[in-house]
Amino acid sequence: MDISAVNNLSFEDYFNVFGNVVEKSPFIAAALWSRRPFNSLNDMHVAIDHFIDDLTESGKVGLLRCYSELAGRDLQGGTLSRESQEEQAQAGLYTLQSWEASHITQLNTKYWEKFGFPFIICARMNDKDRILQQLSECCRNEYVVEFLRAIEEVKKICHLRVQALVLTD
Ligand SMILES: NC(=O)NC1=NC(=O)NC1=O
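Okay, so the sequence shown: first residue is 270 according to my numbering, each after it adds one.
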């Protein structure tokens, strides 16, 4: 659908389509309904980015905590969202060797224990080797570095999800 079709959707249809552009934070899509009409796809991106940037720190941390870990329990248990499942599959996280799977589990645990939210990276822009390498390196970062990086990765993931739903202009 193009941006004018987006603007003409009923709230229910809009919410069904865009509700998970920010993983398990449907309130963001619901809030952005008030920003219509969007002038362009980029206008939607900017509106979402500004909404996220305007959240309090605790609001941002809550948003980060809604993301499932990469190759984590949700992937193993088949409880990932459709979008996350597609993104993680595309990065090769469903076909890890056993040593890779145990390594990412160990690093994810170390990361969560250090920062209080899961390691987040845009899987569609990476592959399993780069994800493992980034996770390992990011475990050594300071809190503020990871907090800011994670928010920017959330935006990248969101932009790709919105782009997939709306024809580019
Ligand atoms: N923890 C994560 O990085 N999760 C994710 N990255 C993606 O690209 N999609 C996800 O669900």
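By construction, the Cβ of each residue, glycine as well, lies at the ideal position given by its N, Cα and C atoms.
Predicted model only: the values in this text are computed from it and were never measured.
For residue i, three-class secondary structure by DSSP
| i | result |
| --- | --- |
| Ile297 | helix |
| Gln357 | helix |
| Asp282 | helix |
| Met270 | coil |
| Ala340 | coil |
| Glu411 | coil |
| Asn311 | helix |
| Gly347 | coil |
| Leu436 | coil |
| Val423 | helix |
| Arg305 | coil |
| Val287 | Here residue 287 turns out to be Phe, not Val, going by the sequence shown. Of the three classes helix, strand and coil, the one that applies to Phe287 here is helix, per DSSP. |
| Leu362 | coil |
| Ile389 | coil |
| Glu352 | helix |
Anticipated Cβ contact below 8 Å, residue i with residue j, distance rounded
| i | j | result |
| --- | --- | --- |
| Leu333 | Ile389 | 6 Å |
| Leu344 | Leu362 | 6 Å |
| Phe320 | Ala300 | 6 Å |
| Val290 | Cys427 | 5 Å |
| Lys397 | Glu369 | 7 Å |
| Ala419 | Ile373 | No, Ala419 and Ile373 are not in contact; Cβ-Cβ is about 17 Å, not under 8 Å. |
| Ser367 | Leu349 | Ser367 to Leu349, Cβ: 20 Å. No contact. |
Spatial neighbours of residue i in its chain, beta-carbon cut-off 8 Å, leaving aside the 5 residues before and after
| i | result |
| --- | --- |
| Val330 | Gly385, Phe386, Phe416 |
| Asn395 | Ala360, Gln403 |
| Gly288 | Pro295, Ala298, Ala299 |
Host alpha helix (DSSP H) of residue i (start-end)
| i | result |
| --- | --- |
| Leu367 | Note that residue 367 is Ser in the sequence shown here, rather than Leu. Run containing Ser367: 367-384, per the alpha helix (DSSP H) assignment. |
| Leu404 | 397-407 |
| Val330 | 326-334 |
Proximal residues to residue i (C-beta, below 7 Å), its chain only, five neighbours per side dropped
| i | result |
| --- | --- |
| Lys383 | Cys408 |
| Cys335 | Glu292, Lys293, Ser294 |
Sequence-distant residues of its chain with Cβ nearer than 6 Å to residue i (five each side left out)
| i | result |
| --- | --- |
| Asp438 | Residue confidence for Asp438 is low, a pLDDT of 48 falling below 50, so the modelled location carries little weight; the figure read from the coordinates is stated next. For Asp438, where only same-chain residues beyond five positions count, the Cβ hits under 6 Å are Ser309, Leu310. |
| Asp271 | Leu436 |
| Leu429 | Arg393 |
| Lys425 | Cys391 |
| Phe280 | Trp302 |
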